[in-house]
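Structure first, then comments.
Listed below in structure tokens is the structure:
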């Protein structure tokens, strides 16, 4: 198979064209919780990214990630390997591509554009919604159109295995549905809306629920009920990068409710639980201070209802500021100061800590 | 230095900058031989994947450290080569565009475009074969 180096120096063969890249990152964190200092250096995810143009109309894309297990830094005990994306795309027209395989669910800007690409992250951490409300992957069929008309309209329609499925199978006729639209009225601007619906079988979290599942109820938790849940998610994203300023807003509204297929005897013990409205809000604004340097601020708010049966209730807020420096288009360093806080009395304890993080993200090819 | 000499040097410098920045777009079997500047910019930003004649778009660029890459970045993205490289890296990572073909120099760009229907490139220092020239409307 021919290989073409992305940076370009040589064309070794012509078709098909396959590129190999690796995205990775190193992180160091120091945090103070109730006057107790902790710190660590950690090896982050390493993402082996492959794209291949098999024929002029058929392409393949995959990401295989080697990631720390059980969390980053001092809570991690080793590494695991995961196929995060593996998809074939047939491009029929500008307004229609057919994609099959495992893909990032195109519900919001962050999940569609960044996901494992830490080199592109505007802030060190993902928004908190990434580990809670956002169904990060879907294994299934996707219809996609993009750059349609003068406003560069794009759409994505996805049917796939749901949030309680594994990477191998779903075991259910029920499928998740995603409908997303975005426009790019100007270069460097993208505005998107999406809706996602799923039925979570027996309230179980599978491979696609989130990358930080400590926010989900799982078997063994005191308040875990094995009931089927309707999961609805609506997202709005706004991104703009023009001139010196870069901004990103991500909001989600998530409603979880008992499915009417549940056993009435089981449901009756849940009393008023079972229907919840949850919201998240993430805002980032960065300003270039030189060609390679940017200073930025962030705000990340999570609000999960006490009535929720799928997500542990919480009212958490994080805010901070940072500085990013690009050594090249392929190496970015960031230092970030953060304050974590929240309200007590919810399933997820209120944060009360300060953090300083340093990260170096890179791409090799 | 005489005022007229200074003016002559200034005019000569300006004309050289202008010549250096005016590239000639070339393409093969794009379904058209005329395109607006805006449409061309959109293509080089990765916003078009299929030509009207149904040939897939292949953007052909010289290497990221070349003068042509920098000039194309300034024209297409209103930015620099650094941002242009990140722009394409991100688009490919998203899976929303096929990667551009990067070649060593403009003579390779001409050869590639000649051999690949749907391919489009820009020449700054190399004479463009007449049959490949895309007229800017």
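Protein chains in written order, with the working numbering: chain A, 595 to 959; chain B, 175 to 311.
Yeah, the Cβ is synthetic: ideal placement off N, Cα and C, and Gly gets one too.
Looking at the secondary structure, which residues open and close the beta strand (DSSP E) in which residue i lies?
i: residue 628 of chain A; result: Unbroken run through residue 628 of chain A: none, as it is neither H nor E.
i: residue 858 of chain A; result: Taken as a continuous stretch (DSSP letters only), residue 858 of chain A belongs to no beta strand (DSSP E), being part of the alpha helix (DSSP H) at 858–862.
i: residue 838 of chain A; result: Residue 838 of chain A -> no beta strand (DSSP E), and no H or E assigned at all.
i: residue 676 of chain A; result: 673–687
i: residue 853 of chain A; result: Neither: residue 853 of chain A is in no beta strand (DSSP E) and is coded neither H nor E.
i: residue 752 of chain A; result: 747–754
i: residue 660 of chain A; result: 652–662
i: residue 932 of chain A; result: 925–936
i: residue 766 of chain A; result: It is not in any beta strand (DSSP E) - residue 766 of chain A carries neither H nor E in the DSSP assignment.
i: residue 796 of chain A; result: Run containing residue 796 of chain A: none; DSSP gives neither H nor E here.
i: residue 196 of chain B; result: Looking at the DSSP string, residue 196 of chain B is not in any beta strand (DSSP E), and its letter there is neither H nor E.
i: residue 821 of chain A; result: Per DSSP, residue 821 of chain A belongs to no beta strand (DSSP E) and is neither H nor E.
i: residue 780 of chain A; result: Where residue 780 of chain A is concerned, there is no enclosing beta strand (DSSP E), given that its DSSP letter is neither H nor E.
i: residue 897 of chain A; result: 887–898
i: residue 921 of chain A; result: 908–922
i: residue 704 of chain A; result: Element bounds for residue 704 of chain A: n/a, residue is neither H nor E.
i: residue 949 of chain A; result: 947–958
i: residue 873 of chain A; result: 870–882
i: residue 691 of chain A; result: 690–698
i: residue 276 of chain B; result: 275–277
i: residue 814 of chain A; result: Run containing residue 814 of chain A: none; DSSP gives neither H nor E here.
i: residue 293 of chain B; result: 293–297
Can you tell me whether residue i is buried or exposed? The criterion is at least 16 other CB atoms within 10 Å of its CB, across all chains shown.
i: residue 883 of chain A; result: exposed
i: residue 650 of chain A; result: buried
i: residue 931 of chain A; result: exposed
i: residue 304 of chain B; result: exposed
i: residue 678 of chain A; result: buried
i: residue 957 of chain A; result: buried
i: residue 885 of chain A; result: exposed
i: residue 619 of chain A; result: buried
i: residue 222 of chain B; result: buried
i: residue 281 of chain B; result: exposed
i: residue 243 of chain B; result: buried
i: residue 188 of chain B; result: Note that residue 188 of chain B scores 42 on pLDDT, short of 50, meaning its location in the model is unreliable; the coordinates nonetheless yield the value given after this. So residue 188 of chain B ends up on the exposed side.
i: residue 209 of chain B; result: buried
i: residue 859 of chain A; result: exposed
i: residue 894 of chain A; result: buried
i: residue 671 of chain A; result: exposed
i: residue 928 of chain A; result: buried
i: residue 230 of chain B; result: buried
i: residue 937 of chain A; result: exposed
i: residue 272 of chain B; result: buried
i: residue 711 of chain A; result: buried
i: residue 274 of chain B; result: buried
i: residue 797 of chain A; result: buried
i: residue 813 of chain A; result: exposed
i: residue 763 of chain A; result: exposed
i: residue 301 of chain B; result: exposed
i: residue 279 of chain B; result: exposed
i: residue 211 of chain B; result: exposed
i: residue 906 of chain A; result: buried
i: residue 778 of chain A; result: buried
i: residue 199 of chain B; result: buried
I need the boundaries of the alpha helix (DSSP H) containing residue i, first residue and last residue.
i: residue 289 of chain B; result: 280–289
i: residue 212 of chain B; result: 211–218
Could you check how far apart the C-beta atoms of residue i and residue j are, in whole angstroms? I think they sit under 8 Å.
i: residue 702 of chain A; j: residue 734 of chain A; result: The pair is not a contact, with the Cβ atoms about 18 Å apart (cut-off 8 Å).
i: residue 773 of chain A; j: residue 747 of chain A; result: Incorrect: roughly 14 Å between the Cβ atoms, too far for contact.
i: residue 904 of chain A; j: residue 856 of chain A; result: Wrong, their Cβ atoms sit about 13 Å apart, outside the cutoff.
i: residue 610 of chain A; j: residue 656 of chain A; result: Not a contact, Cβ separation roughly 14 Å.
i: residue 615 of chain A; j: residue 643 of chain A; result: 4 Å
i: residue 897 of chain A; j: residue 873 of chain A; result: 5 Å
i: residue 899 of chain A; j: residue 945 of chain A; result: Rounded, the Cβ-Cβ distance is 18 Å, inconsistent with contact.
i: residue 238 of chain B; j: residue 276 of chain B; result: 7 Å
i: residue 833 of chain A; j: residue 783 of chain A; result: 7 Å
i: residue 245 of chain B; j: residue 298 of chain B; result: 6 Å
Ranges of the beta strand (DSSP E) found wholly within the stretch 220–267 of chain B, counting only runs of at least 3: 232–236
Cβ contact (3+ pairs, closer than 8 Å) linking the stretch 755–772 of chain A and the stretch 786–802 of chain A: yes
Cβ contact check for the stretch 727–741 of chain A and the stretch 695–710 of chain A: 3 or more pairs under 8 Å: Counting Cβ pairs under 8 Å, three or more are found: they touch.
At least three beta-carbon pairs within less than 8 Å, the stretch 837–852 of chain A to the stretch 721–728 of chain A: yes
Segment contact flag, the stretch 622–632 of chain A with the stretch 244–262 of chain B, C-beta cutoff 8 Å, min 3 pairs: No, the stretch 622–632 of chain A is not in contact with the stretch 244–262 of chain B.
Cβ pair count under 8 Å reaching 3, the stretch 681–692 of chain A against the stretch 709–720 of chain A: The stretch 681–692 of chain A is not in contact with the stretch 709–720 of chain A.
Touching by the beta-carbon criterion (3+ pairs, under 8 Å), the stretch 197–212 of chain B and the stretch 635–655 of chain A: no
Meets three-Cβ-pair contact criterion under 8 Å: the stretch 809–820 of chain A and the stretch 836–843 of chain A: Remark: fewer than three beta-carbon pairs, one from each stretch, lie closer than 8 Å, so the stretch 809–820 of chain A and the stretch 836–843 of chain A are not flagged as touching.
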